[in-house]
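Number of protein chains: 2
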Amino acid sequence: MSKVLVVDDDLDMLSLVRAALEKDGHLIDTEADATAVQPARCQQYDLLLLDVMMPGEDGFSLCRRIRAEVDCPILFLTAKAEDAALVQGFGLGADDYIKKPFSLAELRARVNAHLRREVRQPTHTLSRGGVRFDMQAKAAIAGEHTLPFTRGEYAICEHLALHAGQVFTKEQLYEAVFGFEAEGDPSAVAEHIKNIRAKLKADAISPIETVWGVGYKWRKNSVL
Amino acid sequence: MSKVLVVDDDLDMLSLVRAALEKDGHLIDTEADATAVQPARCQQYDLLLLDVMMPGEDGFSLCRRIRAEVDCPILFLTAKAEDAALVQGFGLGADDYIKKPFSLAELRARVNAHLRREVRQPTHTLSRGGVRFDMQAKAAIAGEHTLPFTRGEYAICEHLALHAGQVFTKEQLYEAVFGFEAEGDPSAVAEHIKNIRAKLKADAISPIETVWGVGYKWRKNSVL
DNA sequence: CGCTTCCTTATAAAATCCTTAAAAATGGCT
DNA sequence: AGCCATTTTTAAGGATTTTATAAGGAAGCG
Numbered sequence: 000m001s002k003v004l005v006v007d008d009d010l011d012m013l014s015l016v017r018a019a020l021e022k023d024g025h026l027i028d029t030e031a032d033a034t035a036v037q038p039a040r041c042q043q044y045d046l047l048l049l050d051v052m053m054p055g056e057d058g059f060s061l062c063r064r065i066r067a068e069v070d071c072p073i074l075f076l077t078a079k080a081e082d083a084a085l086v087q088g089f090g091l092g093a094d095d096y097i098k099k100p101f102s103l104a105e106l107r108a109r110v111n112a113h114l115r116r117e118v119r120q121p122t123h124t125l126s127r128g129g130v131r132f133d134m135q136a137k138a139a140i141a142g143e144h145t146l147p148f149t150r151g152e153y154a155i156c157e158h159l160a161l162h163a164g165q166v167f168t169k170e171q172l173y174e175a176v177f178g179f180e181a182e183g184d185p186s187a188v189a190e191h192i193k194n195i196r197a198k199l200k201a202d203a204i205s206p207i208e209t210v211w212g213v214g215y216k217w218r219k220n221s222v223l
Numbered sequence: 000m001s002k003v004l005v006v007d008d009d010l011d012m013l014s015l016v017r018a019a020l021e022k023d024g025h026l027i028d029t030e031a032d033a034t035a036v037q038p039a040r041c042q043q044y045d046l047l048l049l050d051v052m053m054p055g056e057d058g059f060s061l062c063r064r065i066r067a068e069v070d071c072p073i074l075f076l077t078a079k080a081e082d083a084a085l086v087q088g089f090g091l092g093a094d095d096y097i098k099k100p101f102s103l104a105e106l107r108a109r110v111n112a113h114l115r116r117e118v119r120q121p122t123h124t125l126s127r128g129g130v131r132f133d134m135q136a137k138a139a140i141a142g143e144h145t146l147p148f149t150r151g152e153y154a155i156c157e158h159l160a161l162h163a164g165q166v167f168t169k170e171q172l173y174e175a176v177f178g179f180e181a182e183g184d185p186s187a188v189a190e191h192i193k194n195i196r197a198k199l200k201a202d203a204i205s206p207i208e209t210v211w212g213v214g215y216k217w218r219k220n221s222v223l
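Protein chains in written order, with numbering that gives the first Met the number 0: chain R, 0 to 223; chain W, 0 to 223.
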């Protein structure tokens, strides 16, 4: 979830852009008056989308005014297709230049590409059966939202997913999660499995199979 | 001066692009055969420019193959102007998508914009979650005013923000802030976290999440 | 000395984990 | 098919662990 500020004097354009970007789960603020945009205000956003042609202050001027103090990507929306204007825009520190008329698909793709770059980091992630594990953040993500796993639940879940297809007894799972001293009641693991399944159910996925008389395993060929 | 690799089967195009980018002082390598491009080789470049339509392996396939191991910006050159292809390209982790025919001015402007962004990162200021860190001044700014952090509070806060998304135990945080001998009571860290949160609360932002049983982390805007 | 910062301690609050017990499901048996 | 023994699932409650909060004292610094 990222915060985006859109500056355009055309109110129709604002609502159009807002609707498009909100589909990707972003938080959109809009502003029709460029002169009202101060550097300090921009610092809370992850990306700025500026129209070039506006009465009063235009997008170029606004960019020039705030660039020094704003670190996030700045994208221009423009009807001017001339190279000179485009080069000028990039020269002011812009990160992209989207020519009108643009498709909403392109707008979304470009905005997301810039936001993604901001958070692109060497993360150890694993995707299995519709669930994405961020091993650094110790978080599991399904669809658009983070699953509210507890530490134990996450650990069991990650271990199963990491060794998808392999069957683990309750004792093995307990040991894998809490180290060697597996002094735990097997039913404690069953309890966790139950909770995990309940939380996954909200996203209509159930990758954990029970092997009767043996234990549990993560389904290997995920039918997503 | 940056190193750029251009992959295109069209030799005329290669020399054209090379000439254009060399005007900006970049070092250009070219490659006509996509299958010959290995991830390890790409890691020495600051930017990759890939043609989409190539005999043998196309640009999309190449991107897919190397993206996980290559961290630099990847730009597509393409004649395909359809939205679907464009969205697909961005979906593969591309950073820009330049439609043929493009002007050399636009090409240069876009390439330079991406390269500039890369070097903007190692600057001494960082903006995350509504807080801007001035690492030189050791000051954190939220909204209009400087946060009254103590030295230790600032250090913990900066370390968390710098490694947004990653979970740190109290011991790790203490060590990260005071170096080697982490002979500190974990509850001292908890105390600092409390104070940090209290001071951030005035600006209605709370980017620090507690991962129960593990530690703390700075919330990362996850862009799926 | 007064001030800030940091650490410690103590207590309250919260969340998780485990245990227990009953209900449901499974597989094998006659 | 029907029944039984075993295993799994579900549910609820208390015990345990971890975190949040508050207050007091030691150490550094002007």
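Just so you know, even glycine gets a beta-carbon here, dropped at the ideal spot from N, CA and C.
Within its own chain, the residues whose Cβ lies closer than 7 Å to the Cβ of Ile-207(W), once the five positions on either side in sequence are excluded, are Leu-159, Ile-192, Ile-195, Arg-196, Tyr-215 and Trp-217, listed in chain order. Residues of the region 75 to 88 of chain W with a C-beta atom less than 7 Å from some C-beta of chain R are Asp-82, Leu-85 and Val-86, listed in chain order. Distance from the CA atom of Leu-76(W) to the CA atom of Phe-148(R), rounded to whole angstroms, is 43 Å. Judged by beta-carbon spacing, Val-6(R) lies beyond the 7 Å limit of Ile-27(R), meaning their Cβ atoms are not closer than that value. Counting of Cβ neighbours within 10 angstroms places Asp-50(R) among the buried residues, the total reaching 16 or more. Listed in chain order, the non-local C-beta contacts of Lys-137(W) below 6 Å within the same chain comprise Tyr-153, local neighbours out to five positions each way being set aside. Remark: three or more beta-carbon pairs, one from each stretch, lie closer than 8 Å, so the region 83 to 93 of chain W and the region 97 to 117 of chain R are flagged as touching.
Scanning chain W for C-beta atoms nearer than 7 Å to the C-beta of Ser-102(R) yields Asp-82, reported in chain order. Per DSSP, reduced to three states, the secondary structure at Val-188(R) is helical.
Excluding sequence positions up to five before and after Gly-151(R), its CB lies within less than 6 Å of the CB of His-191, all in the same chain and listed in chain order.
With respect to the C-alpha of Leu-15(R), the residue from Ala-104(R), Ile-155(R), Met-53(R) and Val-130(R) having the closest C-alpha is Ala-104(R). In the structure shown, Arg-131(W) falls within a strand segment according to DSSP collapsed to helix, strand and coil. Sixteen is the threshold: since fewer than 16 other Cβ atoms of the shown chains lie within 10 Å of the Cβ of Gln-135(W), the residue is exposed.
The C-beta of Gly-24(W) comes no closer than 7 Å to any C-beta of chain R. For the region 143 to 158 of chain R, the set of positions with a beta-carbon nearer than 7 Å to some beta-carbon of chain W reads Glu-143, Thr-149 and Arg-150 in chain order. Counting only unbroken stretches of 3 or more residues, the beta strand (DSSP E) elements lying wholly within the region 86 to 128 of chain R are 95 to 98 and 124 to 127, in sequence order. Under the DSSP definition of a beta bridge, Val-210(W) partners with Gly-214(W).
DSSP, read as helix, strand or coil, puts Leu-13(R) in helix. Contact check for Gly-164(W) against Lys-219(W) passes: the beta carbons are separated by less than 7 Å. Excluding five sequence positions before and after Lys-198(W), the CB atoms of its chain that fall closer than 7 Å to its own CB belong to Leu-146, Pro-147 and Phe-148, given in chain order. Taking 7 Å as the Cβ-Cβ cut-off, the region 197 to 215 of chain R has no residue approaching chain W. With 16 or more neighbouring CB atoms inside 10 Å of its own CB, Val-36(R) falls in the buried class. At a cut-off of 7 Å, the C-beta of Glu-105(R) has a neighbouring C-beta in chain W. Between Glu-68(W) and Ala-33(W), the C-beta spacing is not below 7 Å. With respect to the C-alpha of Ser-205(R), the residue from Ser-186(R), Gly-128(R) and Asp-23(R) having the closest C-alpha is Gly-128(R). Beta-bridge partners of Lys-193(R) (DSSP): none assigned. Counting along the chain, the unbroken alpha helix (DSSP H) around Glu-152(R) starts and ends at 150 to 161. Shown here, Ile-65(W) sits in a helix according to DSSP, grouped into three states. Of Glu-117(W), Arg-40(W), Met-12(W) and Thr-168(W), the smallest CA-CA separation from Lys-99(W) is found for Met-12(W). Cβ contact annotation for Ile-155(R) (same chain, cutoff 6 Å, sequence separation greater than five): Leu-172, Val-176 and His-191, in chain order.
In this chain, Lys-2(W) is not harboured by any alpha helix (DSSP H); it is covered by the beta strand (DSSP E) spanning 2 to 6. Shown here, Ala-139(W) sits in a strand according to DSSP, grouped into three states.
For the region 53 to 74 of chain R, the set of positions with a beta-carbon nearer than 7 Å to some beta-carbon of chain W reads Asp-70 and Cys-71 in chain order. With respect to Phe-59(W), Ala-108(R) sits apart: the two C-beta atoms are not nearer than 7 Å.
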